[in-house]
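In what follows, a single structure is set out as structure tokens and then discussed.
2 protein chains.
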Amino acid sequence: MERIAEGEYAVMEVLWEKAPLTAAEVADRVPADRGWTLATVKTMLSRLLAKGVLAHEQDGRRYLYRPAIRREDYVAEESGRMIDRMFAGRVTPLVAHLAARDRLTPEDIEEIEALLKALKS
Amino acid sequence: MERIAEGEYAVMEVLWEKAPLTAAEVADRVPADRGWTLATVKTMLSRLLAKGVLAHEQDGRRYLYRPAIRREDYVAEESGRMIDRMFAGRVTPLVAHLAARDRLTPEDIEEIEALLKALKS
DNA sequence: CGCGACCGACTACACATGTAGTCAATAAGG
DNA sequence: CCTTATTGACTACATGTGTAGTCGGTCGCG
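Chains as they are written, first to last, in our numbering: chain A, 1 to 121; chain B, 122 to 242.
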């Protein structure tokens, strides 16, 4: 699967949230703090089309864009890549790391324990 | 902290493993499948120096390079960034995702449960 | 039917990154 | 001492990315 750059990812998020959308609609929904003009969003859309991670259908004179890959699949690939790189492909060190870094609240711990218990049954 | 590109990261790994090292020594230790020449490694080293994530000390006519940031800190930042982006900053969905994607073996589950139990006490 | 708003295509440009070559200086070895 | 191997500095260049402008065509409104 093609890599999706950080900025492009913001556009994908919009379309994973709701699709199909026109370019203008996507621009409206991109987080305001990006400060992008419509032109910038259009560039992103073309590039994502070229990468094959977006699809488009003609709607009169415009395009309607929609994701061509599932968010779930992309996230799987990307998070897997990070785990391979930084945690040698092992998940436990990642969890240990998160715990040590206080990214795990007591509630998280409860939730994860429940999740794991469910997994075992 | 400055971002470290994918290729540059490979150089950092070498120096986190052992430091200080000369450029030639780093080149020797970079995973062979990168297929990098010494020149390429030197470019990486300069860029990492410029980014401030490496430090160097003079050793005669050469430099000895060593990390200026801790691997732990970098990994914390990078993994945090990913969790923020893809899992809205929540850890539980990440673990759920890993579970659903079969990245969790039964042994992982055992280990993580033990880890969490230890955390609670 | 004519004009203005809007659309995608194309162009632009700076900076990052992967990948490597050149070169002047110098240390080391004979 | 003189040659040679080595070193960091600098240069090079293609591709990716962030950010945006221009332009020819066309749809809708009056």
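For every residue, glycine included, the Cβ atom is placed at its ideal position computed from N, Cα and C.
If you draw a straight line from the Cα of B:Y195 to the Cα of A:R29, it is about 32 Å long. Contact annotation: A:E77 and A:M1 have beta-carbon atoms nearer than 9 Å.
Contact between the segment 227-240 of chain B and the segment 110-120 of chain A is present, with at least three C-beta pairs closer than 8 Å. Spanning the alpha carbons of A:P31 and B:P227 requires a straight line of approximately 40 Å. Where A:R29 is concerned, the enclosing alpha helix (DSSP H) starts and stops at 23-29. Looking only at A:R66, A:S46, A:G7, A:D84, the smallest Cα-Cα distance to A:G35 is reached by A:G7. The beta-carbon of A:R34 is placed no less than 9 Å from the nearest beta-carbon of chain B.
Not flagged as an interface residue toward chain A: B:G181, since no C-beta distance is shorter than 9 Å. Contact annotation for A:Y9 against chain B: R206 [CB-CB distance below 8 Å, chain order].
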